[in-house]
Ligand code: ACO
């Protein structure tokens, strides 16, 4: 049990200006708006400008979250960034973001890579560190610039992904039983080959040949990911509800990872919870990996879909194959 409640004090998000529609994509690869929309629910996605780094998007989202929380960058003593597309292989994006924001050098700064589940992992980690009492205020960021690791010649993947960033500020409350109530995290490491990047890591460094073969881009077995995603998201949701003795109909809003509308619809059916209780923005952003849940959370709050006393369920899956669920009471 946490020693004190860890609560979300503010949220923010950022999406790059450039909109890439299905119609435009269908001029580049053999696809159509009808195919993409019917298979994934995606209409358009955002693409970062060439000089716009993942850290720039993260900083924009963080500034909005800090403003929303009524705090300054100097109040932050912990930055946890969920990403698989850090600006550089080293150092951590968190350090670059710390510097750009003007966060104190006394802040602990590190990245977490759990792919699309990354934000739930980062939230759990930051809340545990805050509830320990050793840190006071955390920025938890999910940010991705996926466009450089998308294979723009592969129609089976390039239609699905987009760029963006979301952030939350975490602090504490004396009120018991609010904020992050709990999480369920896990992974199926035997399913690495379902979604991975073959080159650019220490086991297979980038070579001219690997670049020519687009080994630096994501490869995915879409159908298998789909099936496993539906199963693990359903289980992760049920596990956390059971742990906290809640029924699905006590959840006012589910904020799922935005990978595919059909996956979200399947979870809605399995949990017997109508789609009105699910926040969906995959139509506008596609899959932004670790950024998807914090962007959705911010949009849900700013559009008035979250009220004091509400309980939200976050649920995600991603490459690894990782999964995570979290319950938040406001
Ligand atoms: N446009 C037109 N046709 C296409 C396209 C496209 N963009 N992509 C594939 N097709 C074709 C295929 O070649 C296939 O043709 P065939 O029958 O002649 O072989 C046909 O469409 C059907 O393809 P499927 O793969 O069976 O399509 P499916 O209904 O499974 O949908 C999709 C594919 C959208 C990828 C789905 O499987 C999916 O969403 N999977 C989950 C992906 C996912 O969520 N990934 C993110 C993981 S999270 C992370 O960590 C990044």
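Numbering (the working numbering), first residue to last: 596 to 925.
For glycine and all other residues, C-beta sits at the position ideal for the given N, C-alpha and C.
Computed from a prediction, not measured in an experiment: that's the story for all the values here.
{"Asked": "Residue range of the beta strand (DSSP E) that includes residue 658", "Found": "That residue, residue 658, is in no beta strand (DSSP E); its alpha helix (DSSP H) goes 649–664."}
{"Asked": "Contact check, residue 722 vs residue 775, beta carbons under 8 Å", "Found": "yes"}
{"Asked": "Candidates 667, 762 and 849, of which the one nearest residue 924 by Cα", "Found": "849"}
{"Asked": "Buried versus exposed, by CB contacts within 10 Å (16 or more), residue 650", "Found": "buried"}
{"Asked": "Backbone secondary structure at residue 701 - three-state DSSP", "Found": "coil"}
{"Asked": "Cα-Cα separation between residue 921 and residue 771, rounded to whole angstroms", "Found": "17 Å"}
{"Asked": "Where the beta strand (DSSP E) through residue 793 begins and ends", "Found": "Premise fails: residue 793 is in no beta strand (DSSP E) and is neither H nor E."}
{"Asked": "Of the listed residues 687, 807, 791 and 730, nearest to residue 566 (C-alpha basis)", "Found": "Here the chain has residues from 596 to 925 only, and residue 566 is not among them."}
{"Asked": "Straight-line Cα distance separating residue 725 from residue 806", "Found": "42 Å"}
{"Asked": "Neighbourhood of residue 717 by C-beta, 6 Å cutoff - its chain only, sequence neighbours within 5 removed", "Found": "675, 677, 707 and 735"}
{"Asked": "Span separating the alpha-carbon of residue 589 from that of residue 624", "Found": "Lying outside 596 to 925, the shown extent of the chain, residue 589 is not represented and no answer is given."}
{"Asked": "Given 8 Å, three or more beta-carbon pairs between the stretch 749–761 and the stretch 610–619", "Found": "yes"}
{"Asked": "Beta-ladder partner(s) of residue 763, from DSSP", "Found": "606 and 735"}
{"Asked": "Alpha helix (DSSP H) runs contained entirely in the stretch 815–859, provided each spans 4 or more residues", "Found": "817–838"}
{"Asked": "Own chain partners of residue 745 with C-beta closer than 8 Å, once the 5 adjacent residues on each side are dropped", "Found": "752, 753, 756, 812 and 813"}
{"Asked": "Simplified DSSP state of residue 870, which is helix, strand or coil", "Found": "helix"}
{"Asked": "Neighbourhood of residue 761 by C-beta, 6 Å cutoff - its chain only, sequence neighbours within 5 removed", "Found": "608, 656, 737, 886, 889, 890 and 893"}
{"Asked": "First through last residue of the beta strand (DSSP E) which encompasses residue 779", "Found": "774–782"}
{"Asked": "heavy atom of ligand 2 below 7 Å from residue 708 C-beta", "Found": "Ligand 2 is absent from the structure shown, which contains only ligand 1."}
{"Asked": "Any non-hydrogen atom of ligand 1 within 7 Å of residue 824 CB", "Found": "yes"}
{"Asked": "Beta-carbon proximity list for residue 868, same chain, < 6 Å, skipping 5 on both sides", "Found": "843"}
{"Asked": "Residue 676, DSSP secondary structure in three states", "Found": "strand"}
{"Asked": "Below-8 Å beta-carbon distance, residue 772 vs any chain D residue", "Found": "Note that chain D does not occur in the displayed structure, where there is just one protein chain."}
{"Asked": "Helix, strand or coil at residue 642 according to DSSP, with G and I counted as helix", "Found": "strand"}
{"Asked": "Any non-hydrogen atom of ligand 1 within 7 Å of residue 796 CB", "Found": "no"}
{"Asked": "Check whether residue 732 and residue 671 have beta carbons under 8 Å apart", "Found": "yes"}
{"Asked": "Distance cut-off 7 Å: residue 615 Cβ against heavy atoms of ligand 1", "Found": "no"}
{"Asked": "Same chain, Cβ closer than 6 Å to residue 714, five either side skipped, listed in chain order", "Found": "677, 737, 885, 888 and 889"}
{"Asked": "Exposure label - residue 719; buried when at least 16 CB within 10 Å", "Found": "buried"}
{"Asked": "Proximal residues to residue 697 (C-beta, below 8 Å), its chain only, five neighbours per side dropped", "Found": "668 and 669"}
{"Asked": "Spatially closest choice to residue 911 from 688, 712 and 629, by CA coordinates", "Found": "712"}
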